[in-house]
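Participant: Protein chains in written order, with the numbering used here: chain A, 1 to 63; chain B, 1 to 470.
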Amino acid sequence: MRNAPDPIDRWKQAAEALGIEIPEERLKLAAPVFDALWKATRAPLRRDLSLVEPDFQFRPDGR
Amino acid sequence: MEAALKSIAALSRLIGAGEISPVELTRQTLDRIERLDSQLNSYITTTADLALRQAEAAEREIHAGNRRGPLHGIPYALKDLFFTKGIKTTAGSRVFADFVPSYDATVVEKLAAAGTVLLGKTGLHENAYGITSNNPHFGAVRNPWDTSCIPGGSSGGSAAALAAGLCSFSLGTDTGGSIRIPASFCGVAGLKPTFGRVSRYGVFPLSHTLDHVGPFAWTAEDLWYIFAAMAGQDAQDESTVDRPLAVPQFSAEPSLHGRKIGVPANFYFENLDPEVEAATRAALVQMEMLGAELVGVTVPDIEEFNLIARLIQIAEASSVHVNNLDSRREDYGDDQQTLLDQGRFVTAVDYLNAQRRRRQLNREFYELFDHLDALAAPAVAILPAKIGQTSVVVNGVEEDVRMMITRNARALNMTGLPLLSLPCGLSASGLPIGIQLVGALFDEKSVLEIGHAYQLATDWHDRRPPMAIR
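1) Would ARG259(B) and ASP373(B) be called neighbours here (beta carbons separated by less than 7 Å)?
2) Would the beta-carbon of SER133(B) fall within 7 Å of that of PRO151(B)?
3) So, helix, strand or coil for ARG63(A), using DSSP?
4) Which same chain residues, not among the five before or five after PRO244(B), have their C-beta less than 7 Å away from its C-beta?
5) Check whether the region 411–431 of chain B touches the region 263–282 of chain B, taking contact to mean three or more Cβ pairs, one atom from each stretch, closer than 8 Å.
6) Between which two residues does the alpha helix (DSSP H) harbouring HIS137(B) extend?
7) Which of the residues in the region 320–341 of chain B, read from start to end, lie with their CB under 7 Å from any CB of chain A?
8) Grouping DSSP H, G and I as helix and E and B as strand, with all else coil, what is ARG343(B)?
9) Grouping DSSP H, G and I as helix and E and B as strand, with all else coil, what is GLN471(B)?
10) Between the alpha carbons of VAL392(B) and LEU456(B), how many angstroms are there, rounded?
11) Compare the beta carbon distance of ILE405(B) and VAL438(B) with 7 Å and say whether it is the shorter of the two.
12) Check whether chain D comes within 7 Å of GLU109(B), counting only Cβ atoms and requiring the distance to be less than that.
13) Quick check: the Cα distance between THR147(B) and ASN266(B), rounded to an integer number of angstroms?
14) Quick check: is the beta carbon of ALA30(A) nearer than 7 Å to any beta carbon in chain B?
15) Counting pairs of beta carbons, one from the region 190–199 of chain B and one from the region 222–231 of chain B, are three or more of them closer than 8 Å?
16) How should ARG63(A) be labelled, buried or exposed, when 16 other C-beta atoms within 10 angstroms of its C-beta is the threshold for buried?
17) Need the endpoints of the beta strand (DSSP E) that LEU420(B) sits in, please.
18) Tell me whether ALA468(B) sits in a helix, a strand or coil according to DSSP, three-state version.
19) How about ALA164(B) and LEU36(B): are their beta carbons less than 7 Å apart?
20) Return the chain-ordered list of same chain residues with a C-beta closer than 6 Å to the C-beta of ARG94(B), the five sequence neighbours on each side being excluded.
21) Do PRO22(B) and GLU59(B) have their C-beta atoms closer together than 7 Å?
22) Between the region 347–359 of chain B and chain A, which residues of the former have CB atoms less than 9 Å from a CB of the latter, in chain order?
23) Please return the same chain residues whose Cβ sits closer than 7 Å to the Cβ of THR116(B), not counting the five positions on each side in sequence.
24) Please list the partners that ILE20(A) has in chain B, where partner means a Cβ-to-Cβ separation under 7 Å.
25) What in chain B is Cβ-close to ALA14(A), meaning under 7 Å?
26) With 16 as the cutoff for other CB atoms within 10 Å, does MET230(B) come out buried or exposed?
27) How many angstroms separate the CA atom of VAL447(B) from the CA atom of ILE308(B)?
28) Would PRO7(A) count as contacting chain B if we go by Cβ distances under 7 Å?
29) Could you tell me which chain A residues have their CB closer than 7 Å to the CB of PHE195(B), listed as they occur along the chain?
30) Helix, strand or coil, according to DSSP, for ILE314(B) in the structure here?
31) DSSP state of HIS125(B), grouped into three classes?
32) With DSSP as the reference, identify every bridge partner of LEU272(B), one or two as the case may be.
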């Protein structure tokens, strides 16, 4: 996926691999926006978060 | 001022004194809807017959000496996202255009028990997923202060209807700013309570860890009456909590002595319209004159908060809509398809790590309130945009309108903290500006008391759009 030439092709390949049906013309709209978000979230999500308890049902007071 | 444009507190006094009856008030408001809503499109469905029946019942009870409280006989509107038994509930969506629920949302039941009068269901951004309320299926909701502008969203109809005197209060939901943004753009007050305070049972979900239910009204005092009637643990919604409500003291004299209000040194005042900044800073000066201590603070990385919030929201929203998107794609608007398609690419690992990172950032945010009563910031960084406007120039830089509108709102949904938006000014072009106050977890009391003191000393909450008073 990293070697795919542009965001649309990159996420088109991902959609095909995952069996997600998105019409070509819709993928052209969604892929660039998601690609930018995906790239921007790499740094925060590549922190070591392994010891932070995941929260399946958000509880603001930590219950 | 016509009764339909007055606050709940004022109406409650008038009803108590027998100077107006719930039926008179309801008829007046229904007449206004008939006369004015063609300019705004704030309602999808009106329930005139039901409203008059409820108003007559309220009137009978009040005359018999059985007054239930300040909301008894007060007409209100519901965002068309709340289930109403036997009444169409569309979610602003073509998919649910003919959906008629078989039960009421918990908050609808609670407001009925308080003796309120339901006028109808208000327009919204499709599926509550967006901030313009420019709905492709039900038409654009318009801003009463300038009908060429958006009212904000997603609860745009609820805020617009209140601002125009087409209801005396209303309900909305807030996932990434959907109460605070329309409150700010329509010049009314809005409260997003602490996550867990108000049941979401019977409310169409968008993003289950970010969705909140809250009221619109003219004043902090009015918001309290509605919030107090709705709050409480609900066995039907496991996210709700059993926490006692602290009752605000709404003093007659405006004073903020002893209050510490944080003013962010980073992010919130860095990229915004100059008129928004001026109005917000003027409100802070007013609060300081009332005795508050303004404290400069550094907030956690809101840019990162916003990115993670978007990732969580698109994943959660897509999980809600994926089946309908696959089977009825043509029934979704353009922006919905683009958003919902994106959410399908979020991996489980990214989603879980986003929720883990959220917990870390929240802890940093909560620590601010060890030494503060509230944090203050502009509710929205820009003035209301024109319908269809996609970009805006801020300080010489062209920005995406949607990103600028959600910039100051989105991250705060991640924290679950209580948020109050209050009108604090008008631009040179006559468009409303709002300030948001952030409180500690479960401390709605402090933000409402601060808001009340500010409103006693100012009159922004007494301003009405010209189209509403002509």
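Every residue, glycine too, gets a C-beta built ideally from N, C-alpha and C.
Facilitator: On the basis of the coordinates in this document:
1) Within the second sequence, residue 259(B) is the residue found at index 259, counting from 1. Within the second sequence, residue 373(B) is the residue found at index 373, counting from 1. Yes, the pair counts as a contact, with Cβ atoms nearer than the cut-off.
2) Walking along the second sequence from the start, residue 133(B) turns up at place 133. Walking along the second sequence from the start, residue 151(B) turns up at place 151. A contact, by the Cβ cut-off of 7 Å.
3) The sequence position of residue 63(A) within the first sequence is 63, counting from 1. Unreliable positioning characterises ARG63(A) in this predicted model, as indicated by a pLDDT of 46, which lies under 50. The coordinate reading is nonetheless provided below. Residue state, collapsed to three classes: coil.
4) Residue mapping note: residue 244(B) aligns to position 244 of the second sequence, counting from 1. Spatial neighbours of PRO244(B) in its own chain (CB-CB distance under 7 Å, excluding positions within 5 residues in sequence) are not present.
5) yes
6) In the second sequence, residue 137(B) corresponds to position 137, counting from 1. Where HIS137(B) is concerned, there is no enclosing alpha helix (DSSP H), given that its DSSP letter is neither H nor E.
7) Taking 7 Å as the Cβ-Cβ cut-off, the region 320–341 of chain B approaches chain A at ASP326, GLN337, THR338, ASP341, given in chain order.
8) For this step, residue 343(B) is matched to residue 343 along the second sequence. A small fix is needed here, since residue 343(B) is Gly in this sequence, not Arg. It is helical.
9) As displayed, chain B neither begins before 1 nor continues past 470, which places residue 471(B) out of reach and without an answer.
10) Sequence index remark: in the second sequence, residue 392(B) carries index 392 (1-based). Sequence index remark: in the second sequence, residue 456(B) carries index 456 (1-based). Rounded to whole angstroms, VAL392(B) to LEU456(B) spans 34 Å at the Cα level.
11) The residue labelled residue 405(B) in the question sits at position 405 within the second sequence. The residue labelled residue 438(B) in the question sits at position 438 within the second sequence. Not closer than 7 Å, so no.
12) Protein chains in the displayed structure are A and B, and chain D is not among them.
13) As a working note, residue 147(B) is residue 147 in the second sequence. As a working note, residue 266(B) is residue 266 in the second sequence. The alpha-carbon of THR147(B) is positioned some 34 Å away from that of ASN266(B).
14) Numbered from its first residue, the first sequence carries residue 30(A) at position 30. Yes, ALA30(A) lies at the interface with chain B (some Cβ there is under 7 Å from its Cβ).
15) Output reads yes: the region 222–231 of chain B touches the region 190–199 of chain B.
16) If you number the first sequence from 1, residue 63(A) lands on position 63. Only weak support exists for where ARG63(A) lies, its pLDDT of 46 falling under 50; the value from the coordinates is given anyway. By the neighbour-count criterion, in which a residue is buried when 16 or more other Cβ atoms sit within 10 angstroms of its Cβ, ARG63(A) is exposed.
17) Taking the second sequence and counting its residues from 1, one reaches residue 420(B) at position 420. First-last of the beta strand (DSSP E) with LEU420(B): 419–426.
18) Working through the second sequence from its first residue, we reach residue 468(B) at position 468. Correct three-state label for ALA468(B): helix.
19) Position 164 of the second sequence, counted from the first residue, corresponds to residue 164(B). Position 36 of the second sequence, counted from the first residue, corresponds to residue 36(B). A contact, by the Cβ cut-off of 7 Å.
20) As a first step, residue 94(B) must be located in the second sequence, where it is residue number 94. Correct list, in chain order: HIS137, ASP331.
21) As a first step, residue 22(B) must be located in the second sequence, where it is residue number 22. As a first step, residue 59(B) must be located in the second sequence, where it is residue number 59. Yes.
22) VAL349, ASP350, LEU352, ASN353, ALA354, GLN355, ARG356, ARG357, ARG358, ARG359
23) Position 116 of the second sequence holds residue 116(B). So the list reads LEU71, ILE74, TYR76, once near-sequence residues are dropped.
24) Here the question's residue 20(A) lines up with position 20 in the first sequence. In chain order: ARG344.
25) Here residue 14(A) corresponds to residue number 14 of the first sequence, with the count starting at 1. PHE345, listed in chain order.
26) To locate residue 230(B), count along the second sequence from 1; it is residue 230. Buried, since its Cβ has 16 or more Cβ neighbours within 10 Å.
27) Position 447 of the second sequence holds residue 447(B). Position 308 of the second sequence holds residue 308(B). Looking at the two C-alpha atoms, the distance is approximately 26 Å.
28) Numbered from 1 along the first sequence, position 7 holds the residue referred to as residue 7(A). No - not a single Cβ of chain B is within 7 Å of the one on PRO7(A).
29) Taking the second sequence and counting its residues from 1, one reaches residue 195(B) at position 195. The answer, in chain order, is PHE58, PRO60.
30) Mapped onto the second sequence, residue 314(B) falls at position 314. Three-state DSSP puts ILE314(B) in a helix.
31) Translated into the one-based positions of the second sequence, residue 125(B) becomes position 125. It is coil, neither helix nor strand.
32) The residue given as residue 272(B) occupies position 272 in the second sequence. Beta-bridge pairing links LEU272(B) to no other residue.
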